[in-house]
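Enquirer:
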Amino acid sequence: MWAQQTDSLRKAMAKETLLPVTPKNDTIDSKSIKAAADTIAEDAQKPTISLSQLKQKPKHTPQGATLRSLILPGLGQAYNHEYWKVPLAVAAVGIPIYLFINNNKEYKKARFAYSAVFNSLPISQGGNNDPSQISKMDPKFKTYYDYEVNQANGSQIFLTSVQSYRNQFRQYRDYSLLAILLGWGLNVADATVFGHLRDFDVSSDLSMHISPTYFQFTHTPGIAFSFTLK
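Below is the structure:
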């Protein structure tokens, strides 16, 4: 009896084990198919960039030449491929800058020397009776002062000479600053103008031609303009 029940239990378990498992949904949703198709279509419509486009140089513009010349003299000329103008543009700005620095140094030296000697004067003459700054003067002014101080009214003569020297180099400094602005402006103007002319059409297909001529009626040379209608 016990053996019979055990055998029946085994057969029942074997049947349950061999039962096929069926999926709940073995079909593909039509919406999923449409979404996948739309994705493929969108990918196909996306613009592609070729290797030749990546290697293509940016287009030349007059604005680019102007901006580069404002940043650094000569850079706009190099951008226009007019390399022979680069040293000229650099010199047009660099030389005035060099002169400005030197003139400003001389002006400051003379100003300090004048102030040092003026402060050494007695209070009755408008000074502070303080000669402590005289030893700190530039050597050339110190040498000149040592020579003049032993002369009659030497301090006043020194002050008059140094004041003239100071004013002269202040004027030179101001002129140098104007030359810097002028040179930089010419540098920018040149880069801008030739930036526009770089792509200007100078071929034989132009609709207007200019040529020298000779007027028989007045027996004088002149310029002839001819227009081609296309």
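Count the sequence shown with this note's numbering and you get residues 35 to 264, in order.
Backbone N, C-alpha and C define an ideal beta-carbon position, used for all residues, glycine too.
Just so you know, these numbers come straight off a predicted model, no measurement behind them.
Considering only residues of the same chain and omitting the five flanking positions on each side of A112, which have a CB-CB separation below 7 Å?
Expert: Taken in chain order, the residues that qualify are V120.
Enquirer: On a Cα-Cα basis, can you pick out the residue from A99, I135, T95 and I129 that is closest to F203?
Expert: Comparing Cα positions, the closest option is I135.
Enquirer: Using the C-alpha atoms, what's the distance from S154 back to Y141?
Expert: Cα to Cα, the separation comes out at about 20 Å.
Enquirer: Three or more beta-carbon pairs under 8 Å between the stretch 98-115 and the stretch 216-234, yes or no?
Expert: The answer is yes - the stretch 216-234 touches the stretch 98-115, with three or more Cβ pairs under 8 Å.
Enquirer: Apart from the five residues on each side of it in sequence, which residues of its chain come closer than 7 Å, Cβ to Cβ, to A99?
Expert: For A99, where only same-chain residues beyond five positions count, the Cβ hits under 7 Å are G110, Y113, N114, A225, T226 and G229.
Enquirer: Take F152 and list the residues in its own chain whose beta-carbon comes closer than 7 Å to its own, dropping the five residues that flank it on each side.
Expert: Result list for F152: G161 and L193, in chain order.
Enquirer: DSSP on E116, reduced to helix/strand/coil?
Expert: Here E116 sits in coil by DSSP.
Enquirer: Any idea what DSSP makes of L133, helix, strand or coil?
Expert: Here L133 sits in helix by DSSP.
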